[in-house]
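Line by line, the protein sequences give chains S and L. Just add 39 to the spot in the first sequence (first one is 1) and you have the numbering used here. Just add 39 to the spot in the second sequence (first one is 1) and you have the numbering used here. We put the CB at the ideal spot given by N, CA and C, even for glycine. Read through the structure below, which is laid out as structure tokens, and then see the notes.
Protein chains: 2
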Amino acid sequence: MDNEILQALHARKSVRVFTGEPVSMGERAAILDAAFAAPTAGNQQLYTILDITDPALRRTLAELCDHQPFIEKAALCLVFLADCRRWPRAYRAAGVPAPRKPGPGDALLAMADACIAAQNAVTAAESLGIGSCYIGDVLEHAEAMREALHLPPAVFPACMLVFGRPVAQQKARRKPARFAADALVCENTYRDRTDAELRADFAARAAQNGERDFDFDAWVQAFCARKYESDFSREMSRSAAAYLADFA
Amino acid sequence: MDNEILQALHARKSVRVFTGEPVSMGERAAILDAAFAAPTAGNQQLYTILDITDPALRRTLAELCDHQPFIEKAALCLVFLADCRRWPRAYRAAGVPAPRKPGPGDALLAMADACIAAQNAVTAAESLGIGSCYIGDVLEHAEAMREALHLPPAVFPACMLVFGRPVAQQKARRKPARFAADALVCENTYRDRTDAELRADFAARAAQNGERDFDFDAWVQAFCARKYESDFSREMSRSAAAYLADFA
Numbered sequence: 040m041d042n043e044i045l046q047a048l049h050a051r052k053s054v055r056v057f058t059g060e061p062v063s064m065g066e067r068a069a070i071l072d073a074a075f076a077a078p079t080a081g082n083q084q085l086y087t088i089l090d091i092t093d094p095a096l097r098r099t100l101a102e103l104c105d106h107q108p109f110i111e112k113a114a115l116c117l118v119f120l121a122d123c124r125r126w127p128r129a130y131r132a133a134g135v136p137a138p139r140k141p142g143p144g145d146a147l148l149a150m151a152d153a154c155i156a157a158q159n160a161v162t163a164a165e166s167l168g169i170g171s172c173y174i175g176d177v178l179e180h181a182e183a184m185r186e187a188l189h190l191p192p193a194v195f196p197a198c199m200l201v202f203g204r205p206v207a208q209q210k211a212r213r214k215p216a217r218f219a220a221d222a223l224v225c226e227n228t229y230r231d232r233t234d235a236e237l238r239a240d241f242a243a244r245a246a247q248n249g250e251r252d253f254d255f256d257a258w259v260q261a262f263c264a265r266k267y268e269s270d271f272s273r274e275m276s277r278s279a280a281a282y283l284a285d286f287a
Numbered sequence: 040m041d042n043e044i045l046q047a048l049h050a051r052k053s054v055r056v057f058t059g060e061p062v063s064m065g066e067r068a069a070i071l072d073a074a075f076a077a078p079t080a081g082n083q084q085l086y087t088i089l090d091i092t093d094p095a096l097r098r099t100l101a102e103l104c105d106h107q108p109f110i111e112k113a114a115l116c117l118v119f120l121a122d123c124r125r126w127p128r129a130y131r132a133a134g135v136p137a138p139r140k141p142g143p144g145d146a147l148l149a150m151a152d153a154c155i156a157a158q159n160a161v162t163a164a165e166s167l168g169i170g171s172c173y174i175g176d177v178l179e180h181a182e183a184m185r186e187a188l189h190l191p192p193a194v195f196p197a198c199m200l201v202f203g204r205p206v207a208q209q210k211a212r213r214k215p216a217r218f219a220a221d222a223l224v225c226e227n228t229y230r231d232r233t234d235a236e237l238r239a240d241f242a243a244r245a246a247q248n249g250e251r252d253f254d255f256d257a258w259v260q261a262f263c264a265r266k267y268e269s270d271f272s273r274e275m276s277r278s279a280a281a282y283l284a285d286f287a
């Protein structure tokens, strides 16, 4: 199976260094329109997109998102908010006296809607030669983020995307290999990978990446320390709990 | 701005009636490979995909997902699980004595990873002439779903997708209009739509859909009763809370 669309999905990789060339208003509209065209639960579009144009706010976001200064330099910076507020406000405007408070199911459904829309924005941008990078760190520092973005209750960041044209070095960068299908897909019911299978999964991925003499224990321990046990990862869970408290 | 990829993103609409023609193994592989190629936090692929091939399990899922029998008739049925279990198991296998328990930040990051991958699967399928439909109801009935899919703690359904070739009537069906950009995008900070703006947003969407004499109050009240205040919507929040309790 091969076609232009499949090729584009496989070619897309994160871009973190941009040429500085702007994204035109037409390109911006095409990226946003593709996001809107994405599948959405009950055609509700349970998201709001913030287009961050203010340089000072960009700087604040770059700091709040684990100090990533390339966020400031992106041609376009979109925060995809899971929004469980618009529809209840419409219900009230239409005369529903007391719609129920949004719950955790609404939060997760809105999170899905926002991320599905974001991925269409990524694919649209790629088709225009515009690179992108997800910033998952936007989930951190709920209190400061709420203040910076004026987020009301029941509205929280699902993901952030920055866009721009890739410099040559970024274009040449190899896309990191993924795990093989066996590592990721089960038939019918969930089954844990055994320790031996996990070792083989990671080794196969490393081999795909051209890594020689891959040391599972050393690599995975280092990754765990650098990512999973990092301050930003703990902060992300503290912050996510603060957002989810709105839905309790 | 126009190209084949943007056209495909706009053309894609949900398909709920299938011809019965199977999805070939090559097509299945192309759909899954596109999902794997999606952006993923730290290249972790925080998801597991269940390929539901067992007819009895399909029937169970169709029932648990708000009684939608077309789920049984799909050529391919994939459950995208947010998986916060694989990496901690790898950490242990690599000799990390006691990795921290996954928290709400891990849950939301995995939810994002799973939905982003799912949307690539949708776009890949569309490029092969294969229709798809998200089933958000897969979030409901946590206890029965866990039992049916053998879900361990810290693994929960992010979304479900069914695939198949659309019958002619589904191909001809008009894609429902979305809200206009003004209704969905804010510059820099969040701003509520006023009641008057909400009325105008909904009226503009209805007009795009060719609905004459749109009655905002009546339509929104009915939607609220049918969707937001429905049993399945309340069940989704109860069930989502049960899944999220793993991360508390």
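| Item | Value |
| --- | --- |
| Report the partner residues of residue 53 of chain L according to the DSSP bridge assignment. | L/171 |
| Candidates L/48, L/185, L/244 and L/52: which alpha carbon is nearest residue 203 of chain L's? | L/52 |
| What is the rounded straight-line gap between the Cα of residue 124 of chain S and the Cα of residue 285 of chain S? | 11 Å |
| Identify the residues that DSSP records as bridge partners of residue 90 of chain S: which are they? | S/117 and L/226 |
| Could you pull out every unbroken alpha helix (DSSP H) segment of at least 4 residues lying fully inside the stretch 191 to 259 of chain S, listed in chain order? | 207 to 211, 220 to 223 and 234 to 247 |
| Just list the residues that DSSP pairs residue 122 of chain S with in beta bridges. | S/194 |
| For residue 42 of chain S and residue 152 of chain L, what's the separation of their Cα atoms in angstroms? | 24 Å |
| Mind pulling the chain S residues with CB within less than 9 Å of residue 231 of chain L? | 124, 125, 128 and 191 |
| From residue 84 of chain S to residue 173 of chain S, what distance separates their C-alpha atoms? | 20 Å |
| Compute the beta-carbon to beta-carbon distance between residue 39 of chain S and residue 229 of chain L, rounded to the nearest angstrom, for a pair I have assumed lies under 8 Å. | Only positions 40 to 287 of chain S appear in this structure, which leaves residue 39 of chain S out of reach. |
| Nearest-angstrom Cα distance between residue 267 of chain S and residue 134 of chain L? | 14 Å |
| Would you list, in chain order, the members of the stretch 142 to 157 of chain L that have their beta-carbon closer than 8 Å to a beta-carbon of chain S? | 142, 143, 144, 145, 146, 147, 148, 150, 151, 154, 155 and 157 |
| DSSP three-state label for residue 272 of chain L, please. | helix |
| What separation, rounded to the nearest whole angstrom, lies between the Cα atoms of residue 244 of chain L and residue 205 of chain S? | 36 Å |
| DSSP on residue 283 of chain L, reduced to helix/strand/coil? | helix |
| Output the distance between the C-alpha atoms of residue 61 of chain S and residue 115 of chain S, rounded to the nearest integer angstrom. | 8 Å |
| Using a beta-carbon distance cut-off of less than 9 Å, what residues from the stretch 45 to 56 of chain S approach chain L? | 45, 47, 48, 49, 50, 51, 52 and 53 |
| Output needed for residue 109 of chain L: all residues of its chain with C-beta closer than 6 Å, excluding positions within five of it in sequence on either side, in chain order. | 55 |
| Could you work out which residues of chain L lie near residue 115 of chain S, taking near to mean beta carbons separated by less than 9 Å? | Neighbours of residue 115 of chain S on chain L: none; closest Cβ ~12 Å, over 9 Å. |
| Can you tell me where the alpha helix (DSSP H) holding residue 158 of chain S begins and where it ends? | 143 to 166 |
| May I ask you to list, following chain order, the residues of the stretch 211 to 230 of chain L that have a beta carbon less than 7 Å from some beta carbon of chain S? | 215, 217, 218, 220, 223, 224, 225, 226, 227, 228 and 229 |
| With C-beta atoms as the reference, is residue 160 of chain S less than 8 Å away from residue 117 of chain S? | yes |
| Taking DSSP as the reference, what is the three-state secondary structure of residue 42 of chain S? | coil |
| Examine chain S for any beta-carbon lying closer than 8 Å to the beta-carbon of residue 246 of chain L, and answer yes or no. | no |
| Whole angstroms are fine: how far does the CA of residue 222 of chain S sit from the CA of residue 71 of chain L? | 12 Å |
| Output, in chain order, the set of chain L residues within a Cβ distance shorter than 9 Å of residue 275 of chain S. | 142, 143, 144, 145, 147 and 148 |
| Answer yes or no: does any C-beta atom of chain L fall closer than 8 Å to that of residue 110 of chain S? | no |
| With distance defined between alpha-carbon atoms, name the residue in S/146, S/192 and S/247 nearest to residue 215 of chain S. | S/247 |
| Would residue 187 of chain S and residue 96 of chain S qualify as a contact pair, given that the criterion is a beta-carbon distance under 8 Å? | yes |
| Leaving aside the five residues before and after residue 176 of chain L along the sequence, list all residues of the same chain whose C-beta is less than 6 Å from its C-beta, in chain order. | 104 and 105 |
| Check each residue of the stretch 55 to 69 of chain L: if its Cβ is closer than 9 Å to any Cβ of chain S, include it; give the result in chain order. | 63, 65, 66, 68 and 69 |
| Just to make sure I have the definition right: I need the residues of chain S whose C-beta is within less than 9 Å of the C-beta of residue 84 of chain L. Which are they? | 217, 218, 222 and 223 |
| How would you call residue 249 of chain L, buried or exposed, if buried means at least 16 neighbouring beta carbons within 10 angstroms? | exposed |
| Measure the C-alpha to C-alpha separation of residue 191 of chain L and residue 185 of chain L and round it to an integer number of angstroms. | 7 Å |
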